[in-house]
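Asks: Submitted below is the structure of interest, expressed as structure tokens.
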Amino acid sequence: MAIQGPIAIGFDQVFPHGCYLVGDVQQVKDFDASTATRVVYAKDKTTGLPVWQVSVVDADPEAKASQKSVTVKILTEVQPVPPPPLPGLPFTPVEFDGMTVTPYVGQDTGRLAYSLRARAMRAPRTATAIPSTKHTAPASASAKNATTNTATTTSKEIAA
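Residue numbers (the numbering used here): 2 to 161.
See the structure below:
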């Protein structure tokens, strides 16, 4: 039996040490449809929703340098709003809900890669993403409100 479509996976399985948002949310350009005088933005082929992207750094200390930075694509009608930054941290910790994984072979590299998707980006429910903290930190109401109705896609390339 062949598995078809995305496979459900938990955030803790993908990012057991957490992950951090770095950079800004940007709308993805459709380079095939754009011209020198007109920019066209990408839309998801399945949902028709605009595609946004952010860079995330995997906090796994054993991850290879080439696998630390991951681009997360977010499918939503409006620009996603990241959770508020935490004082004293250079990057904003984030978590994703409703994650799925789809393995594929990268056309450019011939290596195994994974497309990760989620239905929402939010502030972590616990402070486990912060190395020096072991207690539970409440998520802010504004972070919860800002992360509804989103879906994300991430590609992690793994050497075969």
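Cβ coordinates follow ideal geometry from the N, Cα and C atoms, glycine included. It should be emphasised that the depicted structure is a prediction, and the values quoted were computed from it without experimental measurement.
By alpha-carbon positions, which one of Gln5, Ala3, Phe16, Gly89 ends up nearest to Phe97?
Replies: Phe16
Asks: Buried or exposed, going by whether 16 or more other CB atoms sit within 10 Å of the CB of Gly19?
Replies: buried
Asks: Would you decide whether Val106 is buried or exposed? Buried here means 16 or more other CB atoms lie within 10 Å of its CB.
Replies: exposed
Asks: Using a threshold of 7 Å, state whether the C-beta atoms of Pro84 and Ala119 are closer than that.
Replies: no
Asks: For Phe92, I'd like the list of residues in its chain whose CB is within less than 6 Å of its CB, leaving aside the five on either flank, ordered along the chain.
Replies: In the same chain as Phe92, and ignoring 5 residues on each side of it, the C-beta atoms closer than 6 Å to its own belong to Tyr21, Val23, in chain order.
Asks: Quick one: Cα of Gln197 to Cα of Met122, how far?
Replies: Examination of residue 197 is not possible in this model, given that the chain is present from 2 through 161 alone.
Asks: Would you check if the distance between the CB atom of Val52 and the CB atom of Lys74 is smaller than 7 Å?
Replies: yes
Asks: What are the start and end residues of the beta strand (DSSP E) that includes Lys74?
Replies: Note, Lys74: beta strand (DSSP E), 70–76.
Asks: To the nearest angstrom, how far is it from the Cα of Val55 to the Cα of Lys44?
Replies: 16 Å
Asks: Quick one, are the C-beta atoms of Leu117 and Leu76 less than 7 Å apart?
Replies: Remark: C-beta atoms of Leu117 and Leu76 do not approach each other more closely than 7 Å.
Asks: Tell me whether the beta-carbon of Val57 lies closer than 7 Å to the beta-carbon of Val79.
Replies: no
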